Amino acid sequence: MNIRFLGGCREVGRSAVAVELNHTRLLLDYGVILNDAVGFPAHISPKDLDGIILSHAHLDHSGLLPLFYLRRRLPLYGVEPTFEFTRLLIKDFIHLSGYFLPYEYVDLEAMLENCVAIPYRKEFEISGVKVTLLNAGHIPGSSEILIEAEGKRLLHTGDFNSKETKTLGPADQDFDDL
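The end of the sequence shown is residue 192 by my numbering, with every number in the run present.
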């Protein structure tokens, strides 16, 4: 298992993690950082990916995802509410941004056409790699991403909340050994 952090280390924003296992290459989130200027994660070519998994809609996790849909049509996995919130946030980001963005509305639409909605706790496979999305308790549709392959388990928490709120239950925390 090879894990590369493309952004999001020691900062809030630019969340992006590349994971390679069993010759399968996955991207977990691909967000921006909003300071005086928009900051992007390190580049990874769409041709080097088998799929993208989105933990939740906030721009620091989703804001640069349409970039992957300029020419390629990768599956984007997540929980259904995440896609609708992502559409709203990125559409607003494009509309209100005074920044240069390397994509347009048409790329956002191409991204949304490639969304694959997966219910919480339903195991699915991407090229032989097992993936399960668990409730992260952060915002509606937020997910922790559990990846299993090569006899190893990786949990990408994204942003999570372990306390129950008026609108959401706490993050799932029952995942045995990692």
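We treat Cβ as the ideally placed atom computed from N, Cα and C, and that holds for glycine.
As the structure is a prediction and not an experimental result, all values here were calculated from the model.
Cβ pair residue i, residue j closer than 8 Å
i, j, result
"I104", "L81", "no"
"L3", "I159", "The chain is shown only over 15 to 192; residue 3 falls outside these bounds and no answer can be derived."
"I161", "V143", "yes"
"L40", "D64", "yes"
"A124", "Y83", "yes"
"V89", "G155", "It should be pointed out that residue 89 corresponds to Pro in this sequence rather than to Val. In this structure, G155 does not lie closer than 8 Å to P89 by Cβ."
"S76", "T100", "yes"
"R3", "N36", "Nothing can be reported for residue 3: it is not among the residues displayed for the chain, which extend from 15 to 192."
"V145", "I66", "no"
"I108", "E98", "no"
"S176", "A163", "no"
Supposed close pair residue i, residue j - CB separation, criterion 8 Å
i, j, result
"G151", "D74", "With a Cβ gap of about 17 Å, G151 and D74 do not count as contacting."
"N149", "G172", "Their Cβ separation, rounded to whole angstroms, is 11 Å, which puts N149 and G172 out of contact at 8 Å."
"L110", "P55", "No, L110 and P55 are not in contact; Cβ-Cβ is about 21 Å, not under 8 Å."
"V93", "S157", "5 Å"
"L168", "M15", "7 Å"
"G53", "S29", "Contact doesn't hold; Cβ gap of about 11 Å is too wide."
Range covered by the alpha helix (DSSP H) that runs through residue i
i, result
"I108", "E94 to L110"
"H75", "L73 to S76"
Range of the contiguous beta strand (DSSP E) that encloses residue i
i, result
"E139", "F138 to I140"
"V31", "A30 to L35"
"L20", "N16 to G21"
Residues that residue i bridges to, as DSSP identifies them
i, result
"G65", "L40"
"V120", "Note: V120 sits in no beta bridge, so no partner."
"Y91", "I67 and V130"
"G45", "Looking at the DSSP assignment, G45 forms no beta bridge with any residue, so it has no partner."
"V52", "L48"
If you scan the segment 126-188 from start to end, which runs of the beta strand (DSSP E) of 3 or more residues do you find wholly inside it?
129-131, 138-140, 143-149, 157-163 and 166-170
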